[in-house]
Amino acid sequence: MSTLPAITTFSNIVGHSENPTNASTVYNNDAALAGAFGSLEMSDSIANDNSPMLIGPIRVPIVATSVVALYRWTAPAAVELWELHVSPVSAVDGTTSDSTLSGSAYATISVYNAATLVASVEPQSLTTSYTASMSASGDRTVSDGAVITVQISGGVGAPKYHANISILAYTKHRE
Amino acid sequence: MAKPIIKKLSAASFLDGSVVYENDARIGGEIAGNVEISDLSEPRSRYNITVGPVYYGPDSTVVTAGTSSWYSPTVSALVFIAPRDMTVLKIEAFHYSDGGSYDNVDDDNKLLVIAETAARADGVSGAYKETRSVTLEPLVPVSPWVHLGYASVDDTESTGVYTSSDISKSVSEGDVIRVVLTAAGNTSKTQAEVVVTLMVAEDHAE
Chain A
39 MSTLPAITTF
49 SNIVGHSENP
59 TNASTVYNND
69 AALAGAFGSL
79 EMSDSIANDN
89 SPMLIGPIRV
99 PIVATSVVAL
109 YRWTAPAAVE
119 LWELHVSPVS
129 AVDGTTSDST
139 LSGSAYATIS
149 VYNAATLVAS
159 VEPQSLTTSY
169 TASMSASGDR
179 TVSDGAVITV
189 QISGGVGAPK
199 YHANISILAY
209 TKHRE
Chain B
36 MAKPIIKKLS
46 AASFLDGSVV
56 YENDARIGGE
66 IAGNVEISDL
76 SEPRSRYNIT
86 VGPVYYGPDS
96 TVVTAGTSSW
106 YSPTVSALVF
116 IAPRDMTVLK
126 IEAFHYSDGG
136 SYDNVDDDNK
146 LLVIAETAAR
156 ADGVSGAYKE
166 TRSVTLEPLV
176 PVSPWVHLGY
186 ASVDDTESTG
196 VYTSSDISKS
206 VSEGDVIRVV
216 LTAAGNTSKT
226 QAEVVVTLMV
236 AEDHAE
């Protein structure tokens with residue numbers, strides 16, 4: 039963390055015995071402020087020190103309800119997971135006729151921070167996009183270097199479709 | 036960014052209000068829109084570039100699947116020109132397995148995911164596909180390409196295989212970066228769906 043400049047207080051009563059308002063005190067304060075330039079830190083001195091980062095999109099066939107990992111990646115810096123987006127597409131084997139997705143045939147698509155479940159969606163319609171907010175989750179913060187997994191974690195029946203999956207996250211600026 | 040240059044006021048100086056104002060104005064002026072990102076600590080960003088899942092396997096324009104002589108060809112999953120100086124930090128490969136019949140990855144049919152770079156003049160036109168001799172060691176780069184690093188997928192699990200490799204090598208602005216998929220192993224008839232992730236770091240905007 040950068041050290042904030044130490045500012046000496048002084049009185050506006052000229053000749054005050056304890057904190058005389060003399061020129062050198064004023065100068066020293068200004069010099070301390072000027073000296074802070076060049077040593078400001080992104081994480082401590084700058085507001086809004088993070089950037090949005092879109093992970094994916096990936097497009098994967100959803101053909102099971104058993105546990106299957108769809109995607110793994112390593113956090114490039116400290117990351118806050120923000121939203122999970124899943125848009126089903128009626129395309130299997132190059133056609134649209136073989137897709138199955140309904141209230142009785144769907145998969146649960148989940149995001150795991152290491153081994154901790156953060157959010158899930160259960161798409162049940164080919165014409166709806168699904169979003170799960172992770173902004174209020176206590177597990178949304180991912181450490182630098184931790185592995186995130188998107189996976190099927192269960193479901194009902196025998197769904198069969200393609201899922202376009204992306205994750206909105208915020209990453210810290212960093213060296 | 037230069038630090039604000041302020042006028043000296045010594046202890047014996049008369050407290051000149053105009054000088055005090057000028058010094059404060061210089062400091063304030065630096066704050067108001069002149070603090071440069073590059074002069075802050077932590078001026079760099081890290082992010083991931085994701086490609087896939089992409090299918091890797093026989094290309095009918097190069098080989099014929101089902102014959103005994105074919106080998107999976109060398110192709111690029113990602114080609115781009117570095118927008119500014121950057122450091123490639125890590126390459127990650129996730130073998131997505133949906134149990135399809137085309138899936139063929141094991142110790143004899145490895146999938147190597149290789150990050151390479153080349154100067155732009157040499158790199159773009161031939162970056163996407165390479166008719167590499169099957170006898171050529173896949174980890175020997177073909178000129179003008181220079182290896183940055185690679186990840187090897189050589190196992191199968193129903194839940195998918197994730198491998199990664201730290202790289203930490205610099206690439207200059209304007210150079211070409213590509214991620215090559217190539218087969219290795221005794222048989223080298225690799226077929227797989229893979230998601231490739233490249234982790235890079237670069238300075239914030241100039």
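Taken in sequence, the protein lines are chains A and B. With the first letter of the first sequence counted as 1, position 136 gets the number 174 in the numbering used here; the numbers rise by one all the way through. With the first letter of the second sequence counted as 1, position 129 gets the number 164 in the numbering used here; the numbers rise by one all the way through. Note that CB positions come from ideal geometry on N, CA and C, so glycine has one too.
Item to complete: Go through the stretch 51-122 of chain A residue by residue and report every complete run of the beta strand (DSSP E) that reaches 3 residues or more, in order.
Response: Along the stretch 51-122 of chain A, the beta strand (DSSP E) occurs as fully enclosed runs of 3 or more residues at 88-100, 106-112, listed in sequence order.
Alpha helix (DSSP H) containing S53(B): first to last residue?
Counting from 1 along the second sequence, the entry for residue 53(B) is found at position 18. DSSP places S53(B) in the uninterrupted alpha helix (DSSP H) bounded by 52-66.
task: Pair every Cβ in the stretch 82-95 of chain B with every Cβ in the stretch 194-206 of chain B, then say whether three or more of these pairs are closer than 8 Å.
output: By the C-beta criterion, the stretch 82-95 of chain B is judged not to be in contact with the stretch 194-206 of chain B, since fewer than 3 inter-stretch pairs fall below 8 Å.
- prompt: Who are the Cβ neighbours of V98(A) in its own chain at under 8 Å, not counting the five residues just before and after it?
  reply: Translated into the one-based positions of the first sequence, residue 98(A) becomes position 60. If you ignore the 5 residues before and after V98(A), its C-beta comes within less than 8 Å of the C-beta of L108, Y109, H200, A201, I203, all in its own chain and listed in chain order.
### Query
chain A beta carbons: is any one of them nearer than 8 Å to that of G87(B)?
Mapped onto the second sequence, residue 87(B) falls at position 52. Yes, G87(B) lies at the interface with chain A (some Cβ there is under 8 Å from its Cβ).
* A236(B), DSSP secondary structure in three states -> Locating residue 236(B) in the second sequence gives position 201, counting from the first residue. DSSP places A236(B) in strand when its eight states are reduced to three.
Buried or exposed: which applies to M39(A), given that a residue is buried once 16 or more other Cβ atoms fall within 10 Å of its Cβ? Counted from its first residue, the first sequence places residue 39(A) at position 1. The predicted model places M39(A) with a pLDDT of 44, which falls under 50 and marks its position as unreliable; any figure quoted below should be read in that light. By the 10 Å Cβ count, M39(A) comes out exposed.
Worksheet item: Does the pairing of the stretch 171-186 of chain B with the stretch 83-93 of chain A give three or more beta-carbon distances under 8 Å?
Response: Touching, no.
Would the C-beta of F115(B) count as close to the ligand GDP, meaning under 7 Å from any of its heavy atoms? In the structure shown, the ligand GDP is absent, as is every other ligand, since no ligand is present at all.
Option in S160(B), E57(B), L44(B) with minimal Cα separation from V114(B)
Numbered from its first residue, the second sequence carries residue 114(B) at position 79. Selection S160(B), E57(B), L44(B) evaluated against V114(B) yields S160(B) as nearest (Cα-Cα).
Point to revise | Rounded straight-line distance, which links the Cα of N66(A) to that of L50(B) | key: In the second sequence, residue 50(B) corresponds to position 15, counting from 1. In the first sequence, residue 66(A) corresponds to position 28, counting from 1. Rounded to the nearest angstrom, the gap between the Cα atoms of L50(B) and N66(A) is 13 Å.
*asked:* Could you check whether the Cβ of M121(B) sits closer than 8 Å to any Cβ belonging to chain E?
replied: Although the question refers to chain E, the structure presented lacks it and instead comprises the protein chains A and B.
Q) Which residue comes first and which comes last in the beta strand (DSSP E) that contains A117(B)? A) Stepping through the second sequence from its first residue, residue 117(B) is reached at position 82. No beta strand (DSSP E) contains A117(B), which DSSP labels as neither H nor E.
Quick check for students: name the residue ranges of the beta strand (DSSP E) that lie wholly in the stretch 126-180 of chain A, counting only runs of 3 or more. Listed in chain order, the complete beta strand (DSSP E) runs (minimum 3 residues) inside the stretch 126-180 of chain A are 144-151, 154-159, 168-171.
message: Check for me: the beta strand (DSSP E) holding L183(B) runs from which residue to which?
response: Start at 1 with the first residue of the second sequence, and residue 183(B) comes out as number 148. Membership of L183(B) in the beta strand (DSSP E) is indicated by the continuous run 181-188.
Whole angstroms are fine: how far does the CA of P126(A) sit from the CA of T166(A)?
The residue labelled residue 166(A) in the question sits at position 128 within the first sequence. The residue labelled residue 126(A) in the question sits at position 88 within the first sequence. So the alpha carbons of these two residues sit roughly 7 Å apart.
Worksheet item: Along chain B, which residues have their Cβ under 7 Å away from the Cβ of G73(A)?
Response: For the purposes of this step, residue 73(A) is taken as residue 35 along the first sequence, with counting starting at 1. Neighbours of G73(A) on chain B, chain order: K38.
By the 10 Å Cβ neighbour count, where 16 or more other Cβ atoms means buried, how is R213(B) classified, buried or exposed? Taking the first residue of the second sequence as position 1, residue 213(B) is located at position 178. So R213(B) ends up on the buried side.
Anyone know if the C-beta pair for L216(B) and N83(B) falls short of 8 Å? The residue labelled residue 216(B) in the question sits at position 181 within the second sequence. The residue labelled residue 83(B) in the question sits at position 48 within the second sequence. Not a contact, by the Cβ cut-off of 8 Å.
### C-alpha gap between Q189(A) and Y208(A), whole angstroms
Position 151 of the first sequence holds residue 189(A). Position 170 of the first sequence holds residue 208(A). Their backbone Cα atoms lie some 21 Å apart in a straight line.
**OP:** Return the first residue and the last residue of the beta strand (DSSP E) that D201(B) is part of.
**Re:** Mapped onto the second sequence, residue 201(B) falls at position 166. Annotation: the continuous beta strand (DSSP E) that includes D201(B) extends over 196-206.
CA nearest to the CA of G64(B), picked from L75(B), A162(B), K38(B), I72(B): Position 29 of the second sequence, counted from the start, is the residue given in the question as residue 64(B). For the options L75(B), A162(B), K38(B), I72(B), the alpha carbon positioned closest to that of G64(B) is the one of K38(B).
Assigned secondary structure, I72(B) (DSSP; H/G/I helix, E/B strand, else coil) = To locate residue 72(B), count along the second sequence from 1; it is residue 37. Note: I72(B) maps to helix in three-state DSSP.
Exercise for review: Please state if the CB of E118(A) and the CB of T169(A) are separated by a distance shorter than 8 Å.
Suggested key: By 1-based counting over the first sequence, the position of residue 169(A) is 131. By 1-based counting over the first sequence, the position of residue 118(A) is 80. Contact annotation: T169(A) and E118(A) have beta-carbon atoms that are not nearer than 8 Å.
_Residues of the stretch 75-89 of chain A in Cβ contact with chain B at a cutoff of 9 Å, in chain order, please._
Correct list: F75, G76, S77, L78, E79, M80, S81, D82, S83, I84, D87, S89.
Determine the extent of the beta strand (DSSP E) in which G192(A) is found, giving its start and end residues. For the purposes of this step, residue 192(A) is identified with residue 154 of the first sequence, where counting begins at 1. Element bounds for G192(A): 185-194.
Q) Using the beta-carbon count (16 or more within 10 Å), is S132(B) buried or exposed? A) To locate residue 132(B), count along the second sequence from 1; it is residue 97. Burial call: buried.
Legend entry - Proximal residues to N144(B) (C-beta, below 6 Å), its chain only, five neighbours per side dropped: Your numbering for residue 144(B) matches position 109 in the second sequence. Shown here for N144(B): same chain residues with a beta carbon closer than 6 Å to its own, the five before and five after excluded, namely G220, T222, K224, T225 in chain order.
**Asked** Taking 8 Å as the CB-CB limit, is S203(B) close to chain A?
**Response** In the second sequence, counting from the first residue as 1, residue 203(B) sits at position 168. Chain A, which has no Cβ nearer than 8 Å to the Cβ of S203(B), makes this no.
- Query: For chain B, is any of its Cβ atoms less than 8 Å away from the one on N91(A)?
  - Reply: For the purposes of this step, residue 91(A) is identified with residue 53 of the first sequence, where counting begins at 1. Before going further, note that residue 91(A) is Met rather than Asn in the sequence given. With a threshold of 8 Å between beta carbons, M91(A) makes contact with chain B.
Requested in this report: For V148(B), count neighbouring C-beta atoms within 10 Å of its own C-beta (all shown protein chains included) and say buried if the count is 16 or more, exposed if not.
Outcome: To locate residue 148(B), count along the second sequence from 1; it is residue 113. Within a 10 Å sphere around the beta-carbon of V148(B) sit 16 or more other beta-carbons, which makes this residue buried.
Identify which residue in A227(B), K164(B), A60(B), Y56(B) has its Cα closest to the Cα of S187(B).
Along the second sequence, read from residue 1 onward, the residue named residue 187(B) stands at position 152. The shortest Cα separation from S187(B) among A227(B), K164(B), A60(B), Y56(B) belongs to A227(B).
Next item on the list: Given a cut-off of 8 Å, decide if V231(B) and V140(B) are closer than it, judged by their beta-carbon atoms.
Entry: For this step, residue 140(B) is matched to residue 105 along the second sequence. For this step, residue 231(B) is matched to residue 196 along the second sequence. A distance of 8 Å or more separates the beta carbons of V140(B) and V231(B).
| Should I62(B) go down as buried or exposed, given a rule of 16 or more other Cβ atoms within 10 Å for buried? | The residue given as residue 62(B) occupies position 27 in the second sequence. The Cβ neighbour count for I62(B), taken over all protein chains shown within 10 Å, is at least 16; the residue is labelled buried.
Answer with yes or no whether the minimum CB distance from S3(A) to chain B is below 8 Å.
Look at the range of chain A in this structure, 39 to 213, and you will see that residue 3(A) is not part of it.
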